[in-house]
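Chemist: Once you've had a glance at the structure underneath, I'll fire off some questions.
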Amino acid sequence: MRDQRPAVTLSRNSPLYGLSAERCCSLRPRQRRSPHFRLALWREPFYHSPLLSVSGGVLLSGPPSSLWCAALCTSASRLFIASLSPAVGVERGAARSPAGTARSFRPAASPELRYANTLMRFDFVWLRDHCRSASCYNAKTNQRSLDTASVDLSIKPKAVRVDETTLFLTWPDGHVTRYGLQWLVKNSYEGQKQQVMHPRILWNAEIYRQAQVPSVDCRSFLETDEGLKEFLQNFLLYGIAFVENVTPTKEDTQILAERISLIRETIYGRMWYFTSDFSRGDTAYTKLALDRHTDTTYFQEPCGIQVFHCLKHEGTGGRTLLVDGFYAAEQVLRQAPDQFELLSKVPLKHEYIENVGDCHNHMIGVGPVLNVYPWNNELYLIRYNNYDRAVINTVPYDVVNRWYTAHRTLTTELRRPENELWVKLKPGKALFIDNWRVLHGREAFTGYRQLCGCYLTRDDVLNTARLLGLQA
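Residue numbers for the sequence shown follow UniProt numbering, so the first one is 1 and each next one is one higher.
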């Protein structure tokens, strides 16, 4: 029979938390009767192992002569816990199994696992749905074969066991699911909260200059994987990257862009020339200065990457302004987290209305200024454009003033001179900008100035980076 006495929780505040098994087993009987010692260990195999537990972890009690519990310990260098809540029985045969072998449980509810310093909680439906066996998952196509709608929403395995590297679950129909513990850490909610999707280096002008990020030569970029990888690594870390020695033509700029992505065709076409002839109904097609902004905020999904190449400039001024929007947003998060949260939750409309010549367009995009992943609050898109922001009619009146206050805080950070990186674009030097992160603008200019460029699909750029082994 299994011991059915009530289970207790060993919290981090317990005097026994972290004690070795040998120390616990040497406690005098009176100490064992203490409320803090209503737990048990596998007695013999684990004298060398630390006692591990977590607040909320369930441990079973047992007679002093045959100490055992539902907590698992391996060596001190590789630690994990499996605890099943509420209390579950442990086969007595498992109590004497050598360290490192599988131990079996009879589950009553959802399990908890600790591995690689991560406490993970799982729902049994999730564990059944994500089974990677041949009948549930096609490893050749990397697609799920299991019909999720066929899984019983109250399913529980009839047996669970864990060894040093693997979790095994046997389901009521006899199907066995195996999970590597490393895979579970990587793919659990708790594991994802500890990870960033996209490693970045946030910067102001001084940080970027001190980093001395090199430009990549055009031939290396086009002809070698090493040059392309160096370029993409710079781009992913800083949100901007340069290619030097490009032939100053639209055709050569297109070849450059298509090295990393499909070109995203928009209402502006695929490749565009950019002059001050006001051929489009946009302030950019003038000689006026442009404040920092995100492009195409009026698209439901703003364009991911923008390419600029100055083909000719016969005049003065026209420097390009670059500001790391994520760096500015990070300052807001530190100074006023409530304002950061407001900017990430209040949706706004952005609008582009054009009636110039044969160009007639009315585009509307909706979204908050700051866009974050909900599970780890990581910022992935800043949608900031005061030119194209539409009437604010998506915000209740009692929130409007707080939103303006938060927007002012962000604007102040974006406009700090120390956050402004000014560069002079010249023929032969192409600039790639992460439009979801780095805001751009320009100073006023004189004379004839012609740029060409395009938008790239973000998915394709990140795909190219991943195929080269980069985290993207």
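Ideal Cβ placement from N, Cα and C applies to all residues, glycine included.
Quick check: what's the CA-CA separation for P111 versus S188?
Modeler: 13 Å
Chemist: Comparing C-alpha positions only, which one of G357, L348, A241 and I260 sits nearest to L431?
Modeler: A241
Chemist: So, with DSSP's three-state summary, where would you put L146?
Modeler: Here L146 sits in coil by DSSP.
Chemist: With C-beta atoms as the reference, is Y455 less than 8 Å away from T266?
Modeler: For the pair Y455 and T266, the CB atoms are nearer than the 8 Å cut-off.
Chemist: Which class does L202 belong to by DSSP, given the choice of helix, strand or coil?
Modeler: Of the three classes helix, strand and coil, the one that applies to L202 here is coil, per DSSP.
Chemist: Which residues does DSSP pair with Y448 in a beta bridge?
Modeler: E314
Chemist: On the three-pair Cβ rule with 8 Å, is the stretch 373-389 touching the stretch 337-351?
Modeler: Verdict: yes, contact present.
Chemist: Are T170 and L181 close, meaning C-beta to C-beta below 8 Å?
Modeler: no
Chemist: Among the residues of its own chain, which have a CB less than 6 Å from the CB of F326, if the five just before and after it don't count?
Modeler: L202, L379 and R437
Chemist: Note down, in chain order, each residue of its chain lying with its Cβ closer than 6 Å to the Cβ of R121, except the 5 sequence neighbours on either side.
Modeler: E112
Chemist: Expressed to the nearest angstrom, what Euclidean distance is found between the alpha-carbon atoms of Y373 and K186?
Modeler: 17 Å
Chemist: With DSSP as the reference, identify every bridge partner of Y273, one or two as the case may be.
Modeler: C452
Chemist: Would you tell me roughly how many angstroms separate the C-alpha atoms of P149 and D129, rounded to the nearest one?
Modeler: In the sequence on display, residue 149 carries Ala and not Pro. In a straight line, the C-alpha of A149 is about 9 Å away from that of D129.
Chemist: Kindly indicate the opening and closing residues of the alpha helix (DSSP H) around T405.
Modeler: Y397 to L414
Chemist: Please return the same chain residues whose Cβ sits closer than 8 Å to the Cβ of F221, not counting the five positions on each side in sequence.
Modeler: G227, L228, F231, V243, L256 and R259
Chemist: Could you compute how far the alpha carbon of T464 sits from the alpha carbon of E223?
Modeler: Each residue's alpha carbon lies about 15 Å from the other.
Chemist: In the DSSP assignment, find the unbroken alpha helix (DSSP H) run with W126 in it and report its ends.
Modeler: F124 to D129
Chemist: Measuring CA to CA, which of R178, D338, N117 and C452 is closest to Y285?
Modeler: C452
Chemist: Is the beta carbon of G318 sitting closer than 8 Å to the one on R449?
Modeler: yes
Chemist: Quick check on the DSSP output: the alpha helix (DSSP H) that includes D459 runs from which residue to which?
Modeler: According to the DSSP assignment, D459 belongs to the alpha helix (DSSP H) that extends over R458 to L467.
Chemist: Where does P368 sit, in a helix, a strand or coil, going by DSSP?
Modeler: When DSSP states are grouped into helix, strand and coil, P368 belongs to the coil group.
Chemist: What are the boundary residues of the beta strand (DSSP E) that includes N355?
Modeler: L348 to V356
Chemist: Can you list, in chain order, the stretches of the beta strand (DSSP E) that have 3 or more residues and sit fully within the stretch 296-345?
Modeler: 305-314 and 320-324
Chemist: Excluding the five sequence neighbours on either side, which residues of its own chain have a C-beta within less than 8 Å of the C-beta of N361, listed in chain order?
Modeler: I267, Y352, I353 and E354
Chemist: Whose C-beta lies closer than 8 Å to the C-beta of E190 among residues of the same chain, with five residues either side of it excluded?
Modeler: T118, L119, M120 and R121
Chemist: Within 10 angstroms of its Cβ, does R209 collect 16 or more other Cβ (buried), or is it exposed?
Modeler: exposed
Chemist: For Y238, which option in K250, R178, T249 and L322 has the closest C-alpha, if you only look at C-alpha atoms?
Modeler: Ranking the options by Cα distance to Y238, first place goes to L322.
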